[in-house]
Amino acid sequence: MTLLWILLLPLLGSLVPVVTANWRRSACAMATAIPPAIALMILLYHSSAVFAGESLRYTLAWIPLLGLDISIRLDGLAFLFSLLILGIGLLIILYARYYLSEQDSMPRFYAYLMLFMTAMMGIVLSNNVLQLWLFWELTSISSFLLISYWWHKSEARRGARMALTVTGAGGLCLLAALLLLGQITGSYDLDVILASGAVIQQHGWYPLVLVLFLLGCFTKSAQFPFHFWLPNAMAAPTPVSAYLHSATMVKAGIFLLARFYPAMAGTDLWFLLVSITGLTTLLVGAYLALFKHDLKGLLAYSTISHLGLITLLFGMGTDLAAVAGVFHIINHATFKASLFMAAGIIDHESGSRDMRKLNGLWHFMPITATLAMVAAAAMAGVPLLNGFLSKEMFFAETLHQHLLGSLSWIIPVLATVAAIFSVAYSMRFIHDVFFNGKPKGLTKTPHEPPRYMRMPVEVLVVLCILVGVAPGYIVGDLLYAASLSVLGTAVPEYSLAIWHGLNLPLLMSVVALAGGALIYINRKHLFDFQNTLPGVDAINTFEAAMKMLAKRCQQIYSWLDNGSLQRYLVFLLMAIVVLAGLPLLQLDTLYGGRPELPVDAVNAAGAAMLLISAFATVVFHRQRVVALLMISVVGLMVSIAFTRFSAPDLALTQLSVEVVTIILLMLALFFLPHKTPKQSSPTRVIRDISLASMVGVVIGSISYAIMTRPFNTISDYFLANAKTGGGGTNVVNVILVDFRGFDTFGEIAVLGIASLGIFKLLTRIPVFKPSSDGEGRPWALERHPVLLATVSQGLLPLALMVSVFIFFRGHNLPGGGFIAGLVTAVALILQYIAHGVEWVKSRMNIEYQRVVAVGLMVALITGVASWLFNKPFLTSWFDYFDIPLLGKIELASAIAFDAGVYITVVGSTLLILASLGKMTTSHRPVHTETI
Amino acid sequence: MESLLAGCIGFLTACGVFLLLRGRTFPVVVGLTMLAYAVNLFLFSSGRLTLQGAAVLGTTDNYADPLPQALVLTAIVIGFAMTAYLVILAIRARADLGNDHVDGKLPGNENSRKESR
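Residue numbers (the working numbering), protein chains in the order written: chain A, 1 to 931; chain B, 932 to 1048.
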């Protein structure tokens, strides 16, 4: 449980500065420091167990089925990194208290900083790779916030964007790698993955996983060619640079290399990718660092170079190299963080970071200068300092490897070259800043910083010296425990002594020191040479590339999504042709063996009429009224087809819907143009015809293939149980109101919703009243033909009687609620047509939306009523009664449900048509606006 | 007979699709109606064709499959609701946007789109 607190405390700590924002600055800083300090103490409390080689674990089940647990593991490596994160974090809190000026919002800075600390702790403590990745992304985001802390500066915003883009893209690669690892090993548990090294490396996906994994590590740890974001992230406040960009975040990639070392390392591919990348980064960083005039720029490239060195060590694949890598992580964090802080002090107290202006600061700030010089000497690898020790181990390992066969000697040579430049830039840092004449053009006189601002630097520098003098005592246990958890098995024999006798590594160190001094003294020639090279402006290049990428994406996007409905439809229909057509190609024959029914003359004539009227609809589609008449013929023929093929219910429904649809479209034409202008180009027409033909051929073929195949229907059940279970002989109706009553309920609900939607669409519509038809002819003067009015009035009771008849017989003979409802609706609509809205309204003032609601309620209550009898929703009931005079009568609850259907259909249909009709007939348009 | 009906379904589909690809709202509505006929016939025909076999118990020995019929019956009504909704949407779009193009603006005339409410 205490382990969880190590993670939770920094998270809580991110709230502390927000709460204490109004306190004095020092109080706020102190309060912020408390949670990480407690976390550090808890960590140290566990040190004895960790140093004994134990791995402490804590798991909180979250979604165990998905392999997602909150899972913590504290082993040597995690301990080492936690120590760096919390320890240096505390120093940074102290340092930032003095670094930030009165204008800077300190609570905001501390909140971001603690958030970042939480994220880093989450990475190093996670025992679940998905959890690890989550924290990994959180570091990218919190570092974005920290780099852009001075968001009023353009370079801060740009640098932050760049860092986020690069590390975020790497994070996605890492996620892919971790998911693949989870697939390979069957678990997202880190323990399982680390124990499955052999399985992973023999898996076919290993190269892919490795590349994705390394992309994640290398982007985070600023390895060449992804190094460019780090120098641009130097726009951040210096405490951020010291913390994120030297000690912690850039080490996250290295941490992953170390963490997954047992699972991923040891193959040729690993060596090739990791060591070559590391070596290149080491050289490029060391070389470029020398030419930076900005103090932080120099340190940034130096950091890149050292990160390359550690990467190279992990890439060599020997156990000792890994130990050296872990050791250098510790050493680099101490001396580089102190150097960044020293650079911050110099910047703070002299107003500049430009080494061309900063000279001879020794006279102004001797103590800071001494501290910085010691740290820089550690960076250069001067004996008796920590940097020397790990660099010696590095040199020794470069000599022991045989990775490049007979060319293996190149690696130690290149390592020495890099070390030479490392010495040279370290010397420049010391000599150019603290000596070399007097300051030039500084805006203020440099002086020593406040006592406590210097203290973090002092602590770290003392550590540099202590480790350098007595490595075994100070970091022996830590190094051993961390190396143990990296290697997974036994740690090889290694010696942390200062003096190993006269050997080749020592000679390499001497060469590096001498060569570095030589280069520094003759740096003028090198600078001249470097100035002749074309410079690459990383940030502009990057942003241009990003703009290019965004533009390309935009182009692809606007090509796909250009706002044209026709285009989308073409894509969709093509997909239909491909998806539905391909399986047909695999079919040997369309004909399925079921004998066809004979074609008689009536059928042939009906089909001919159907085809001709459909074709005519298309041909005359520009003349909309004609097209409407033609399609009504199609609908009629379809309902005749239903009659022909033994579906009387469908025929009746289709027939009545047809009437309503045509009236509706006719009404709609009042508001829409009567003609369609010719706009499609001939090629467009040809494209559409061919696409439509393809779809038609595919659908027709499928239909034929289905119809000619024998099949087993589930309808036998319905046929067998309609009478006994549902009490009706019209099986279609029994299915609708009984067997599948719930479906029907959903369908009438949809109908009701559609009609309400229409009602809503038509309210407050900008009224558009054409005064004549499309040809320019004025509307007929005779509002309501007398003949129609007379006849329709007489027809109404008749029609209503027919609909009642259809409704009641529906359970046993073709008919039912749907059809009866449509018949009623048509009869009522006829009254609207014949007499106008006012006439109907004065006689029958009903709000149809209420009718819809009543219908749905009737259906719902019928369904719910079965609950009273402890039966499921919509269980039907029926019985037969002997009533005098009338004889035996059947009463079924399904009738009540069907009544609900009936009322809903009447209400919806009338709501739709009357709403639209009211727009026209109640206010006959007179000379307002022409089309 | 089956081949004839399949041909009709295919042809109705083709006609419907062609109208669906037009640029103005009304032909699209008509096309959708046409397509609805084709779809209803298609679904109906999946129960195979039966002559003289209405699924009313006691009238015949060879019943037509009642299940696709029940499905298509509601499909017809829902199809009407959909057509109605679409055509009202078209009217509303015409009223709000000042044209009856399916994209709400006439091709090559970006400014014809009015501020929609």
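Glycine residues also receive a C-beta, built at the ideal position from the N, C-alpha and C atoms.
Cβ shell of residue i (< 6 Å), same chain only, five flanking positions each side left out
| i | result |
| --- | --- |
| V633 of chain A | S613 |
| P239 of chain A | I92, Y95, A96 and Y99 |
| T398 of chain A | I411, P412 and A415 |
| M694 of chain A | V577 |
| V423 of chain A | A380, A512, L513 and G516 |
| T20 of chain A | C28 and A31 |
| F745 of chain A | A859 |
| V659 of chain A | V826 |
| G635 of chain A | E658 |
Partner residues on chain B for residue i, Cβ-Cβ distance less than 7 Å
| i | result |
| --- | --- |
| S558 of chain A | Within chain B, no residue comes near S558 of chain A; the closest Cβ sits about 14 Å away, beyond 7 Å. |
| R624 of chain A | F957 |
| N730 of chain A | V987 |
| R809 of chain A | Within 7 Å Cβ-Cβ: nothing; R809 of chain A doesn't reach chain B, min ~10 Å. |
| Y704 of chain A | E933, S934 and A937 |
| Q654 of chain A | I1007 |
| D688 of chain A | F949 and L952 |
Contact list for residue i against chain A, beta-carbon separation under 7 Å
| i | result |
| --- | --- |
| D1034 of chain B | G563, S564 and L565 |
| D996 of chain B | T713 and S715 |
| L951 of chain B | L569 |
| L1020 of chain B | L761 |
Nonlocal neighbours in the same chain, by C-beta distance under 8 Å from residue i, ignoring five residues either side
| i | result |
| --- | --- |
| P710 of chain A | G592, G593 and R594 |
| L60 of chain A | L4, D69, I70 and S71 |
| I367 of chain A | E448 and R454 |
| T708 of chain A | L590, Y591, G592, G593, R594 and E596 |
| L403 of chain A | F271, S275, M316, G317 and I411 |
| D996 of chain B | G978, R979, T981 and A986 |
For residue i, the residue or residues it bridges with in DSSP
| i | result |
| --- | --- |
| D354 of chain A | A:D294 |
| K675 of chain A | A:Q623 |
| S126 of chain A | A:I72 |
| A892 of chain A | A:F878 |
| H1032 of chain B | B:R955 |
Under 8 Å by beta carbon: chain A residues contacting residue i
| i | result |
| --- | --- |
| D1031 of chain B | L672 and P673 |
Chain-ordered neighbours of residue i on chain B, where CB pairs are closer than 8 Å
| i | result |
| --- | --- |
| P766 of chain A | A1026 and D1027 |
| G917 of chain A | Result: empty, since nearest Cβ-Cβ is about 12 Å, beyond 8 Å. |
| N603 of chain A | M932 and L935 |
Chain-order list of residues whose beta-carbon lies under 7 Å from that of residue i (same chain, five-residue window excluded)
| i | result |
| --- | --- |
| K918 of chain A | V837 |
| I147 of chain A | A156, G159, A160, A163, A233, A235, A236 and V240 |
| T293 of chain A | Note that residue 293 of chain A corresponds to His in the displayed sequence, not to Thr. These residues qualify, in order along the chain: D354, M355 and R356. |
| E933 of chain B | L980 |
Residues that residue i contacts on chain A, provided the C-beta gap is smaller than 9 Å
| i | result |
| --- | --- |
| L982 of chain B | L597, R644, F645 and S646 |
| L972 of chain B | V638, A641, F642 and S703 |
Discussion item. Tell me whether the region 3-13 of chain A and the region 116-129 of chain A touch, counting them as touching only if at least three CB pairs, one residue from each stretch, are closer than 8 Å.
Written reply: Yes, since at least three Cβ pairs between the region 3-13 of chain A and the region 116-129 of chain A fall closer than 8 Å, the two stretches touch.
Item to complete: Starting from the N-terminal side, write out each stretch of the beta strand (DSSP E) that is 3 residues or longer and does not extend beyond the region 983-1013 of chain B.
Response: Fully enclosed beta strand (DSSP E) runs of 3 or longer: not present.
Practice prompt. Write down every uninterrupted run of the beta strand (DSSP E) in the region 3-75 of chain A whose length is 3 residues or greater and which is fully enclosed by it, in chain order.
Written response: Counting whole runs of 3 or more residues, the region 3-75 of chain A contains the beta strand (DSSP E) stretches 56-63 and 68-74.
Worksheet item: If you pair each beta-carbon of the region 819-834 of chain A with each one of the region 865-881 of chain A, do three or more pairs fall below 8 Å?
Response: Segments in contact, no.
Worksheet item: Does the region 380-396 of chain A come close enough to the region 356-367 of chain A to have 3 or more Cβ pairs within less than 8 Å?
Response: Under the three-pair Cβ rule at 8 Å, the region 380-396 of chain A does not count as touching the region 356-367 of chain A.
Worksheet item: Counting only runs that start and end within the region 386-416 of chain A, where is the beta strand (DSSP E) found for 3 or more residues in a row?
Response: Here no run is fully enclosed.
Worksheet item: Three or more beta-carbon pairs under 8 Å between the region 602-616 of chain A and the region 896-911 of chain A, yes or no?
Response: No, the region 602-616 of chain A does not touch the region 896-911 of chain A.
Item to complete: Could you tell me whether the region 749-762 of chain A touches the region 728-739 of chain A, using the rule of 3 or more Cβ pairs below 8 Å?
Response: Taking 8 Å as the limit for Cβ pairs, the verdict is that the region 728-739 of chain A does not touch the region 749-762 of chain A.
Discussion item. Please give me, in chain order, every unbroken run of the beta strand (DSSP E) with length at least 3 that falls completely inside the region 327-384 of chain A.
Written reply: Those beta strand (DSSP E) runs which fall completely within the region 327-384 of chain A and span 3+ residues do not exist here.
Item to complete: Kindly provide the ranges of any alpha helix (DSSP H) runs that are 4 or more residues long and lie completely inside the region 223-275 of chain A, ordered along the chain.
Response: Entirely contained in the region 223-275 of chain A, the alpha helix (DSSP H) runs reaching 4 residues are, in chain order, 229-232, 238-242, 249-259 and 261-264.
Worksheet item: Does the region 637-645 of chain A come close enough to the region 971-979 of chain B to have 3 or more Cβ pairs within less than 8 Å?
Response: Enough Cβ pairs lie closer than 8 Å, so yes.
Worksheet item: Counting only runs that start and end within the region 729-766 of chain A, where is the alpha helix (DSSP H) found for 4 or more residues in a row?
Response: DSSP runs (the alpha helix (DSSP H)) wholly in the region 729-766 of chain A: 731-734 and 741-762.
Worksheet item: Counting only runs that start and end within the region 651-709 of chain A, where is the alpha helix (DSSP H) found for 4 or more residues in a row?
Response: Inside the region 651-709 of chain A, DSSP marks whole alpha helix (DSSP H) runs of 4 or more residues at positions 682-707, from first to last along the chain.
Discussion item. I'd like the ranges of any alpha helix (DSSP H) spanning at least 4 consecutive residues and lying wholly in the region 525-581 of chain A.
Written reply: Counting whole runs of 4 or more residues, the region 525-581 of chain A contains the alpha helix (DSSP H) stretches 538-560.
Discussion item. Tell me whether the region 399-410 of chain A and the region 462-473 of chain A touch, counting them as touching only if at least three CB pairs, one residue from each stretch, are closer than 8 Å.
Written reply: Under the three-pair Cβ rule at 8 Å, the region 399-410 of chain A does not count as touching the region 462-473 of chain A.
Worksheet item: Does the count of Cβ pairs from the region 479-490 of chain A and the region 366-381 of chain A closer than 8 Å reach three?
Response: With a cut-off of 8 Å, the region 366-381 of chain A and the region 479-490 of chain A do not count as touching, because too few Cβ pairs lie within range.
Worksheet entry | Contact the region 845-856 of chain A vs the region 909-916 of chain A: 3+ CB pairs below 8 Å | Counting C-beta pairs closer than 8 Å gives three or more between the region 845-856 of chain A and the region 909-916 of chain A, which meets the contact rule.
Practice prompt. Determine, using beta-carbon pairs with one atom in the region 554-563 of chain A and one in the region 670-679 of chain A, whether at least three such pairs fall under 8 Å.
Written response: No: fewer than three Cβ pairs fall under 8 Å.
Fill in: At least three beta-carbon pairs within less than 8 Å, the region 618-627 of chain A to the region 950-965 of chain B
Taking 8 Å as the limit for Cβ pairs, the verdict is that the region 950-965 of chain B does touch the region 618-627 of chain A.
Practice prompt. Tell me, please, whether the region 79-86 of chain A touches the region 429-445 of chain A by the rule of three or more beta-carbon pairs shorter than 8 Å.
Written response: Flag = no, the region 79-86 of chain A and the region 429-445 of chain A do not touch.
Worksheet item: For the 8 Å Cβ check, are there 3 or more pairs between the region 272-283 of chain A and the region 125-138 of chain A?
Response: At 8 Å Cβ cutoff, the stretches do not touch.
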